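Each residue of the sequence shown is one higher than the last, beginning at 1 in the working numbering.
Backbone N, C-alpha and C define an ideal beta-carbon position, used for all residues, glycine too.
This one's a predicted model, so the numbers in the text were calculated from it and none came from an experiment.
The structure under discussion appears below in the form of structure tokens.
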Amino acid sequence: MNVRLTAQQEELLRRLVSEGHYLSVGEALQAGLRLIEQDLAWKADARRKLEEGLEDVRACRVVDGEQAIQEILDDLDRRERREPA
């Protein structure tokens, strides 16, 4: 596969290798592709969670925000009291 890079992209790759961040240009490109995969997976997961949240709202499965935060704080207090010092 042949890929055209801008001068800035080539310089970045050379710098990443020369500074020791990567052993080769290929390794740097592979790391970039892994980041793209991770980003796409994160976006898909976020979209799924947002859709689940919207469905919960539509089904009236919601909790008052202040009440939820207070319940979390109360739970943390209970856990702290149970833990030995």
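Inset, instruction - Return helix, strand or coil for residue 25, following the three-state DSSP convention. - result: helix
Legend entry - Residue range of the unbroken alpha helix (DSSP H) whose run includes residue 17: 7 to 18
Legend entry - Spatial distance of residue 16 from residue 10 (CA atoms): 10 Å
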